[in-house]
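See below for the structure under consideration.
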Amino acid sequence: MNTGAQPLTSEARTALLAQANMLRPELHRYCARLMGSTFEGEDVVQDALVRAMAALQDLHEAPALRPWLFRIAHNRALDLLRSRQTRTAEPIEAASDVADAATPDPTEALMRREAVEAAISRFLELGVSQRSIVILKDVLGEPLSEIAALLDLSVDAVKGHLARGRAQLRHVNPQAALASDARPTSAAVAHYVELFNQRDWDGLRALLADDVKLVQASHPARAGRAQVGAFFTTYAKIDAVRLVPAWLEGQEVIAVFENGAGASVSYLMWLEWSGDQISFIHDYRYARYVVAEARVAFTEDPPA
Numbered sequence: 007m008n009t010g011a012q013p014l015t016s017e018a019r020t021a022l023l024a025q026a027n028m029l030r031p032e033l034h035r036y037c038a039r040l041m042g043s044t045f046e047g048e049d050v051v052q053d054a055l056v057r058a059m060a061a062l063q064d065l066h067e068a069p070a071l072r073p074w075l076f077r078i079a080h081n082r083a084l085d086l087l088r089s090r091q092t093r094t095a096e097p098i099e100a101a102s103d104v105a106d107a108a109t110p111d112p113t114e115a116l117m118r119r120e121a122v123e124a125a126i127s128r129f130l131e132l133g134v135s136q137r138s139i140v141i142l143k144d145v146l147g148e149p150l151s152e153i154a155a156l157l158d159l160s161v162d163a164v165k166g167h168l169a170r171g172r173a174q175l176r177h178v179n180p181q182a183a184l185a186s187d188a189r190p191t192s193a194a195v196a197h198y199v200e201l202f203n204q205r206d207w208d209g210l211r212a213l214l215a216d217d218v219k220l221v222q223a224s225h226p227a228r229a230g231r232a233q234v235g236a237f238f239t240t241y242a243k244i245d246a247v248r249l250v251p252a253w254l255e256g257q258e259v260i261a262v263f264e265n266g267a268g269a270s271v272s273y274l275m276w277l278e279w280s281g282d283q284i285s286f287i288h289d290y291r292y293a294r295y296v297v298a299e300a301r302v303a304f305t306e307d308p309p310a
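Quick note: the sequence shown uses this note's numbering, first residue 7, plus one each step.
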């Protein structure tokens, strides 16, 4: 070990973090499916980037950024999944003949399309190893050799998990509910949306708990009625923003539309409540990739 090596310069760390932020959408595609939740996936991405930032302080040379970040995110997701203790490890079966060509055959292409189009929550039906490998191969298009390196498996083991995961995903996909996930809007969210769309910022501030918190991706968290109240001051300067109550993965959310976006949701918010006061605001204005593959269901028509 070269004990005389110098840590990375601040300029090098800044450049790596800028590159890391560009990988956020891809990291989210992986983590959301691994966790089976759009929002939990984003939590893992943010946590992984914080851990990466801390680790860079001690590195003496720049890592191969993409695999390094994916490993950090993968390990963090596994920690959270293990804490749930909902599954045991599944055995590795003999490898099937899985193609790994740059141009897949029609069957391979169909399997990849099915994985991309599957609802994020469907991936929870797969064991963790199957889930990771199907996402990496069929959603993100990673080569088998790189998946094996990331997960510390042999290529044959990766092929075995991939074949089993694909078969399981094809089995559960037709069982996914076809009906809308929308439910009646809660009175609290309906009131929040109404005040926002009327630009009643003082009315919204009155809903905030004294210890309310606000989280926005890539921005420092805010806490307390005064700091979080400034959140509405920012929105007061933005024209043509309209909120609509919605549901995503069984959770009540708020869809944000900008500039007459029609049926296209710009990004999402969701609120946590303590009684009739807001205790937490999650605003995804700076993480718009979160909504890219989300299947948002509306209890009313989105703005025209």
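In this text, a Cβ means the ideal position worked out from N, Cα and C, and glycines have one as well.
Computed from a predicted model, the values in this text were never measured in an experiment.
Sequence-distant residues of the same chain with beta carbon closer than 6 Å to residue i, five excluded per side
i, result
"Tyr290", "Tyr273, Leu274 and Val296"
"Gly42", "Ser127, Phe129 and Leu130"
"Leu142", "Glu148 and Ile153"
"Leu159", "none"
"Arg57", "Ile78"
"Leu201", "Gly209 and Leu210"
"Trp276", "Val259 and His288"
Limits of the alpha helix (DSSP H) - the one that residue i falls within
i, result
"Glu48", "Thr44 to Leu62"
"His66", "Premise fails: His66 is in no alpha helix (DSSP H) and is neither H nor E."
"Lys165", "Val161 to Val178"
"Tyr292", "Counting along the chain, Tyr292 falls outside any alpha helix (DSSP H), and DSSP gives it neither H nor E."
"Ile153", "Leu150 to Leu157"
"Ser135", "Val134 to Val140"
"Arg301", "That residue, Arg301, is in no alpha helix (DSSP H); it is neither H nor E in DSSP."
"Ser16", "Ser16 to Met28"
"His197", "Ala193 to Asn203"
Proximity test, residue i beta-carbon vs the ligand MG heavy atom, cut-off 7 Å
i, result
"Tyr292", "Of ligands this structure carries none, so the ligand MG is not represented either."
Residue i in three-state terms, based on DSSP
i, result
"Val104", "Bear in mind that the predicted position of Val104 carries a pLDDT of just 46, short of 50, making it unreliable; the figure below should be weighed with that in mind. Three-state result, Val104: coil."
"Leu220", "strand"
"Arg77", "helix"
"Ile98", "Any reading at Ile98 must be qualified, since the residue scores a pLDDT of 39, below 50, and its modelled position is unreliable; no value is offered."
"Gly256", "coil"
"Arg189", "coil"
"Asp206", "coil"
"Leu33", "helix"
"Asp245", "coil"
"Leu87", "helix"
"Gly235", "helix"
"Leu40", "helix"
"Leu130", "helix"
"Gly147", "coil"
Supposed close pair residue i, residue j - CB separation, criterion 8 Å
i, j, result
"Ala188", "Phe304", "6 Å"
"Leu55", "Ala26", "6 Å"
"Val336", "Ile287", "Residue 336 falls outside the range modelled here, since the chain spans only 7 to 310, and no answer is possible."
"Leu87", "Val134", "6 Å"
"Asp216", "Arg231", "5 Å"
"Leu71", "Leu150", "About 21 Å separates the two Cβ atoms, so there is no contact after all."
"Asp53", "Arg82", "5 Å"
Contacts around residue i, its chain only, beta-carbon distance under 7 Å, and the 5 residues preceding and following it disregarded
i, result
"Thr44", "Ala38, Ile126, Leu254, Glu255, Val296 and Ala300"
"Ala100", "Because Ala100 carries a pLDDT of 38, less than 50, the predicted location of this residue cannot be relied on, and no value is offered for it."
"His34", "Gly47, Glu48, Val51, Tyr295 and Val296"
"Leu213", "Tyr198, Gln283 and Ile284"
"Glu264", "Ala246, Val247 and Ser272"
"Gln222", "Asp289, Arg291 and Tyr292"
"Ser102", "Because Ser102 carries a pLDDT of 44, less than 50, the predicted location of this residue cannot be relied on, and no value is offered for it."
"Asn203", "Arg248 and Leu249"
Residue i - partner residues in DSSP beta bridges
i, result
"Val250", "Ala261"
"Glu278", "Phe286"
"Leu214", "Ile284"
"Ala229", "Lys219"
"Tyr273", "Val262"
Sequence-distant residues of the same chain with beta carbon closer than 8 Å to residue i, five excluded per side
i, result
"Arg137", "Arg39, Leu40, Phe129, Leu130 and Gly171"
"Pro13", "Gln63, Asp64, Leu65 and His66"
"Val302", "Ala252, Trp253, Leu254, Val259, Ala261, Val271 and Leu274"
"Pro190", "Thr305"
"His225", "Tyr292"
CB contact below 8 Å: residue i versus chain D
i, result
"Ala70", "Of the protein chains in the structure, only one exists, and it is not chain D."
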